[in-house]
């Protein structure tokens with residue numbers, strides 16, 4: 304590849320990052336508004352980590368603790384604790400201990416937490432619909448190149 308192509312790729316990556324950061328909050332709020340149409344009481348500026356925690360707890364067939372959440376979300380246990388504390392404060396999740404293990408906390412959803420999990424799932428569906436129209440503009444081989452690039456890029460983040 305020529306230097307000019309590398310430079311164009313670098314500029315495209317920079318532009319993507321800047322625009323993505325600028326729109327990330329706006330996009331999340333827009334998706335939340337669409338998903339929360341019938342649940343106004345649920346509207347809060349939840350972080351993606353908090354939403355993913357609720358979703359993992361909802362979908363998990365095993366008991367969920369900080370270690371499992373940190374491993375699945377690829378974030379620190381401290382970040383999980385911070386997010387969990389907010390969710391507990393807003394009555395989305397409850398913590399409990401096993402009778403034979405007083406050290407470790409496990410989480411379950413409250414009824415409000417189950418509603419939030421459904422909202423999160425709806426947000427994912429809306430996002431998938433939006434991306435589908437973008438993906439439709441590319442051929443199968445172009446998408447395979449994009450996919451390969453994104454996975455390689457993720458290794459460097």
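Numbering (our numbering), first residue to last: 304 to 460. Heads up, the beta-carbon is just placed ideally off N, CA and C, and yes, glycines get one too.
Spatial distance of residue i from residue j (CA atoms)
i: residue 376; j: residue 423; result: 15 Å
i: residue 446; j: residue 436; result: 13 Å
i: residue 344; j: residue 449; result: Note on residue 344: pLDDT 49, under 50, position unreliable in the model; no value is reported.
i: residue 413; j: residue 374; result: 23 Å
i: residue 395; j: residue 430; result: 23 Å
i: residue 348; j: residue 386; result: 12 Å
i: residue 432; j: residue 367; result: 30 Å
i: residue 380; j: residue 306; result: 42 Å
i: residue 425; j: residue 383; result: 23 Å
i: residue 397; j: residue 388; result: 10 Å
i: residue 310; j: residue 400; result: 54 Å
i: residue 324; j: residue 402; result: 45 Å
i: residue 405; j: residue 434; result: 45 Å
From the options, residue whose alpha carbon lies closest to that of residue i
i: residue 378; options: 323, 365, 315, 356; result: 356
i: residue 364; options: 382, 410, 323; result: 410
i: residue 456; options: 319, 306, 307, 308; result: 319
i: residue 393; options: 324, 418, 315; result: 418
i: residue 312; options: 452, 425, 459; result: 452
i: residue 459; options: 427, 308, 316; result: 316
Sub-9 Å separation of residue i and residue j beta-carbons
i: residue 361; j: residue 416; result: yes
i: residue 372; j: residue 359; result: yes
i: residue 390; j: residue 353; result: yes
For residue i, the first and last residue of its enclosing beta strand (DSSP E)
i: residue 401; result: 396–401
In DSSP terms, what residue i is bridged to
i: residue 419; result: Looking at the DSSP assignment, residue 419 forms no beta bridge with any residue, so it has no partner.
i: residue 316; result: Note: residue 316 sits in no beta bridge, so no partner.
i: residue 408; result: 400
i: residue 367; result: 410
Limits of the alpha helix (DSSP H) - the one that residue i falls within
i: residue 452; result: 443–459
i: residue 377; result: Neither: residue 377 is in no alpha helix (DSSP H) and is coded neither H nor E.
i: residue 350; result: Where residue 350 is concerned, there is no enclosing alpha helix (DSSP H), given that its DSSP letter is neither H nor E.
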